Every structure is written in C-alpha cells, then in structure tokens.
Amino acid sequence: MNAKTVIQISILLDEMYPHAVCELNHQNPFELLVATILSAQCTDKRVNEITARLFPRLNSAEKMAQLTEDELIPLIRDCGLFNNKSKNIIATARQLVALHGGSVPQTREELESLPGVGRKTANVVLANAFSTPAFPVDTHVLRVSQRLGLSSEKTPEKVEADLCQLFPQDQWIKKHHQIIFHGRNLCKAKKPLCNICPLRNYCSLFLQESGIKS
DNA sequence: AACTCGGGGCA
DNA sequence: TGCCCAGAGTT
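Take a look at the structure:
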C-alpha cells in the first residue's frame, strides 16, 4: 500500500464522514468504559437507551461496585450477552475501587487487566476519554481495512499495527470512527453498497466483483 | 486459531 | 426462522 493511495482514501473519508465521532453518550471515563463494554455485539443506539436510564444513578465505580450482578442484569437486559456483561461491569467497578481509587486507569496494560476489557475497549477509552493516541480495531475496521487494501493481515492486532503506521497519530481516532461509519452504512459485511461507494476504485472487493461480471 | 457466551436486528 | 453482529475470555 503506497502512501499516495492512503492519502487519497483519507481525503475521501474526510469528505464522506466529516463529523465522525464517538456516538456512545458519556460524561466521564467510567461511563464511557461501561458503555463500551455494553456495546459488544450491540448497536450504539441501543447502548445509549440503556445508559440514559443507567447513568443518572450509577455514574461512578463506587456506586456501581455496590450492585450485585443480579441487580444489574435487568437494567442492561436489552443489549445481549447480559450475563457476561453484568458480571464484568460489576467486577470491573469493584477492581477500580480496590486498585485504582475508583478512577479509570490511563494505561493500556491496566485497562486490559479489567474484566471484560480487551484491546478494542481499552483503545476506545484511551482515545476518547484520555486523548491518548490509539486505533481501536473491531470487525468493521477489520473488514473495511482488508477490502481497501490498508492491511493484508487477518488478526486485529496486526491490522491495528498497519493502520497506525499508515495514518498520522493525531488522525487515528478520527479514521477509526470514519471507517466504522463506512462499514456500517456502505461497506457492510453482507450486501455492501458498492454502486454508491466513493471508495470503490480503491476496493479489492469491488474490483474483484466487477472483474467477474464484465 | 477456534470456540463459547446465547440477545437483538434484519431479511 | 436463520444468520450475523460497534468483543472478550478460555482452550
């Protein structure tokens, strides 16, 4: 992948998604952490509906740590995998109180040591709550990056390394959100809307499919 | 690298 | 109904 192509793709992403930002509603790092844990295999819209009635009362680790798993489950029941998520959120809140004075740590290592927090969630919190350069890679970013030829790697970690090298550090989180929007709206896993996609001339999937048809 | 977890959205 | 999804943990 040459530098000129990356710049052209970057310009097109800026034109297509000029206001791409984190859509998870949050007022502080703890709220973002909880919202991000809830967002696994669930839409942001649904997560925001849940946190809108969750955070007025449970907006800190201290308050969340006092709940039991069974008390939290009915409050987050609408977002899937709620057994795991409830257990992880309670355990994480208690770990924050026990080891970090009730605040959210700002290093990747400490974040990933929290139950239910993996590399993607840690990167989301680092970038959106602490302005620490990070490039969260989820299934959308993975798929779009592969189709656009931004990375030929298959694991999230290696794709993340490629993306971090291709884009300037101060653009990482913006590119993340732009690619997320693109993956959700046009470059969908199934039935991608290649016919109206401004990026299709850079896309291996489109070039491959149009080659077969013609 | 593959499997588990096992709800919601959409065709 | 059937299939995939803005993941993480375990094997």
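Position one of the first sequence corresponds to residue 1178 (the numbering used here), numbered consecutively onward. Heads up, the beta-carbon is just placed ideally off N, CA and C, and yes, glycines get one too. Predicted, not measured: the structure shown is a model, and the values here were computed from it.
Here E1239 is not near V1281, since their CB atoms are 8 Å or more apart.
If the five residues before and after D1347 are omitted, its C-beta is found closer than 8 Å to the C-beta atoms of P1310, all from its own chain and listed in chain order. Looking at the backbone, the Cα of R1254 and that of R1271 are separated by about 21 Å. About 6 Å separates the CB atoms of L1376 and L1189; that is less than 8 Å, so the two are in contact.
Less than 8 Å separates the beta-carbon of Y1194 from that of Q1355. Ranked by Cα distance from C1380, the first of Q1342, N1362, L1327 and E1334 is L1327.
With a threshold of 16 other beta carbon atoms within 10 Å, G1293 meets it and is buried. When the five nearest sequence neighbours on each side are left out, the beta carbons in the same chain lying within less than 7 Å of the beta carbon of S1263 are those of E1246, L1249, I1250 and I1253, in order along the chain. Taking 8 Å as the cut-off, the Cβ atoms of N1205 and T1228 do not count as close.
The region 1267-1350 is shown to contain whole alpha helix (DSSP H) runs of 4 or more residues at 1285-1289, 1296-1307, 1316-1324 and 1333-1343, in chain order.
In the DSSP annotation of this structure, T1220 is not part of any alpha helix (DSSP H), being labelled neither H nor E.
For M1241, the enclosing alpha helix (DSSP H) starts and ends at A1238 to A1242. In this structure, the beta-carbon distance from L1258 to A1304 does not fall below 8 Å.
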